[in-house]
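The numbering of the sequence shown is numbering that gives the first Met the number 0, which starts it at 0 and goes up by one. To keep things clear, I will list the structure first and then write my remarks on it.
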Amino acid sequence: MTKKLLVAALLLGLAAAAPLAAQQGPPPGGPGAGPGGPGGPPPEVVLREVLGFTDAQVSSLHQLADTRRAAVEALQPQIVAAEKAFRDLVEAASPDPTAVGTAFLSLQALQKQMPAIDEAYRSGFGALLTPEQTAKVDAFRGVETALRTLEALHRLGL
Numbered sequence: 000m001t002k003k004l005l006v007a008a009l010l011l012g013l014a015a016a017a018p019l020a021a022q023q024g025p026p027p028g029g030p031g032a033g034p035g036g037p038g039g040p041p042p043e044v045v046l047r048e049v050l051g052f053t054d055a056q057v058s059s060l061h062q063l064a065d066t067r068r069a070a071v072e073a074l075q076p077q078i079v080a081a082e083k084a085f086r087d088l089v090e091a092a093s094p095d096p097t098a099v100g101t102a103f104l105s106l107q108a109l110q111k112q113m114p115a116i117d118e119a120y121r122s123g124f125g126a127l128l129t130p131e132q133t134a135k136v137d138a139f140r141g142v143e144t145a146l147r148t149l150e151a152l153h154r155l156g157l
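As structure tokens, then:
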């Protein structure tokens, strides 16, 4: 019974949120200013208000973001250089298959590091959460999935 009530409440909430999601962008005159996006509050404010983040959690999240940013900034030029080297070898008048293969594998190894950086950031975020915060985040992700599903159904005319 409780599960049915929860599903009904979720569907009611989605039905109420659907018109809001379908609204056009910001009003004429451009988006609102601020670091939280078009007129929205900064993510830290939302995390404090909705999830009850503490100062320590916000600080740790900033450290995670800085670590992620530094790792991406260090890796990106290496990927660009490896892409150029690979492209140059492929476009050579007489491409050396061994050199092309080696360059491809080097490029692929660098590219595979990017998802690991993102996963470290996500798992670090998860480690910051209390069990109650984790439950809320999981619920929000469920709503996000439901909204994507509703959008797909809408695009199909259903």
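Where is the CB? At the ideal position from N, CA and C, for every residue including glycine.
Going by other Cβ atoms of all chains shown within 10 Å of its Cβ, with 16 needed for buried, is Phe158 buried or exposed?
Past the boundaries of the shown model lies residue 158; the chain is included only from 0 to 157, so the question cannot be answered.
What's the gap between the Cα of Lys83 and the Cα of Ser105?
Taking the straight line joining both Cα atoms gives about 12 angstroms.
Taking 9 angstroms as the threshold (C-beta atoms), are Gln56 and Leu127 in contact?
Going by C-beta atoms, Leu127 is nearer than 9 angstroms to Gln56.
Exposure label - Ala81; buried when at least 16 CB within 10 Å
Residue environment: Ala81 is assigned as buried (16 or more neighbouring CB atoms within 10 Å of its CB, all protein chains considered).
Pairs of beta-carbons, one from the segment 63 to 70 and one from the segment 114 to 124, closer than 8 angstroms: are there three or more?
Put simply, the segment 63 to 70 touches the segment 114 to 124. At least three CB pairs are less than 8 angstroms apart.
Check whether Val99 and Leu88 have beta carbons under 9 angstroms apart
If you check the CB distance, Val99 and Leu88 come in under 9 angstroms.
Neighbourhood of Gln112 by C-beta distance below 7 angstroms, restricted to the same chain and skipping five residues each side
Closer than 7 angstroms at the Cβ level, and outside the excluded window around Gln112, lie Leu74.
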